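Engineer:
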Amino acid sequence: MTFDYIIVGAGSAGCVLANRLSSDSGIRVLLIEAGPEDKALSLKMPAAMLTNLNGRTHNWAYPGDPEPGLDGRQLRHDRGKTLGGSSSINGMVFIRGHELDFEGWRQSGCEGWGYADVLPYFKRMETYDGGADAYRGGDGPL
Ligand SMILES: Cc1cc2nc3c(=O)[nH]c(=O)nc-3n(C[C@H](O)[C@H](O)[C@H](O)COP(=O)(O)OP(=O)(O)OC[C@H]3O[C@@H](n4cnc5c(N)ncnc54)[C@H](O)[C@@H]3O)c2cc1C
Numbered sequence: 217m218t219f220d221y222i223i224v225g226a227g228s229a230g231c232v233l234a235n236r237l238s239s240d241s242g243i244r245v246l247l248i249e250a251g252p253e254d255k256a257l258s259l260k261m262p263a264a265m266l267t268n269l270n271g272r273t274h275n276w277a278y279p280g281d282p283e284p285g286l287d288g289r290q291l292r293h294d295r296g297k298t299l300g301g302s303s304s305i306n307g308m309v310f311i312r313g314h315e316l317d318f319e320g321w322r323q324s325g326c327e328g329w330g331y332a333d334v335l336p337y338f339k340r341m342e343t344y345d346g347g348a349d350a351y352r353g354g355d356g357p358l
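Just add 216 to the spot in the sequence shown (first one is 1) and you have the numbering used here.
Here is the structure:
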């Protein structure tokens, strides 16, 4: 089998990328995920978030290095290990950055990162329950 694109990791970014690329039926895309399917009940229940985090079936739970500033303590770095990646085990909180933060970055020299620059992308990514308007999107994938 041959593919035009091979994407490693079916997390938030990999799935969006695969979906965008495969919308062209002439392009063959292979999406590879190391974790299991996302069929577990705990992945469908927001209240079961800690079940997923405390288990190792859907969480890589990478051990951090000893932190000098924490008296050598090692922190656990939770990352999703299943279709959907970390978005399958995350808190489902969706908050845009504040307009003034983006404006601050633009004024500091980050051309293209002003709020007016990024707003079309925020709108494009979402389907807002309350309907599309000047700030919200109506037919995006999230
Ligand atoms: C516990 C937790 C709570 C969070 N809460 C929120 C929240 O409420 N709101 C929010 O906006 N964000 C939240 N986040 C962050 C958000 O989920 C992540 O930033 C986002 O999902 C990262 O997307 P990604 O595509 O970069 O990586 P991931 O979604 O982590 O995807 C990486 C994928 O690659 C796979 N993979 C890794 N190595 C290999 C390999 N060698 N071969 C094949 N596949 C591999 C992994 O299994 C995984 O599926 C949270 C994250 C965590 C961990």
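Positions of the beta carbon are idealized from the N, C-alpha and C atoms, including for glycine. Values in this document were obtained by computation on a predicted structure and should not be read as measured data.
Return the CA-CA distance between R340 and D355, expressed in angstroms with no decimal places.
Structural biologist: For R340 and D355, the distance between alpha carbons rounds to 7 Å.
Engineer: What does D296 pair with, by DSSP beta-bridge criteria?
Structural biologist: The residue you asked about is not Asp; residue 296 is Gly in the sequence shown. DSSP output for G296 lists N275 as bridge partner(s).
Engineer: What is the DSSP secondary structure of R352, counted as helix, strand or coil?
Structural biologist: Coil.
Engineer: Would the C-beta of F219 count as close to ligand 2, meaning under 8 Å from any of its heavy atoms?
Structural biologist: This structure lacks ligand 2; its bound ligands are ligand 1.
Engineer: Measuring straight from C-alpha to C-alpha, what distance separates S241 and H293?
Structural biologist: C-alpha separation (whole angstroms): 38 Å.
Engineer: Pick out whichever of M308, V309, S228 and Y331 has its Cα sitting closest to the Cα of E319.
Structural biologist: When only C-alpha atoms are compared, the closest one is Y331.
Engineer: Measuring alpha carbon to alpha carbon, tell me which of C326, L259 and E327 ends up nearest L299.
Structural biologist: Nearest option by C-alpha distance: L259.
Engineer: Helix, strand or coil for R236, going by three-state DSSP, please let me know.
Structural biologist: In this structure, R236 counts as helix in the three-state DSSP scheme.
Engineer: Could you check whether the Cβ of E379 sits closer than 8 Å to any heavy atom belonging to ligand 1?
Structural biologist: Nothing in the structure corresponds to residue 379, since the chain is present only between 217 and 358.
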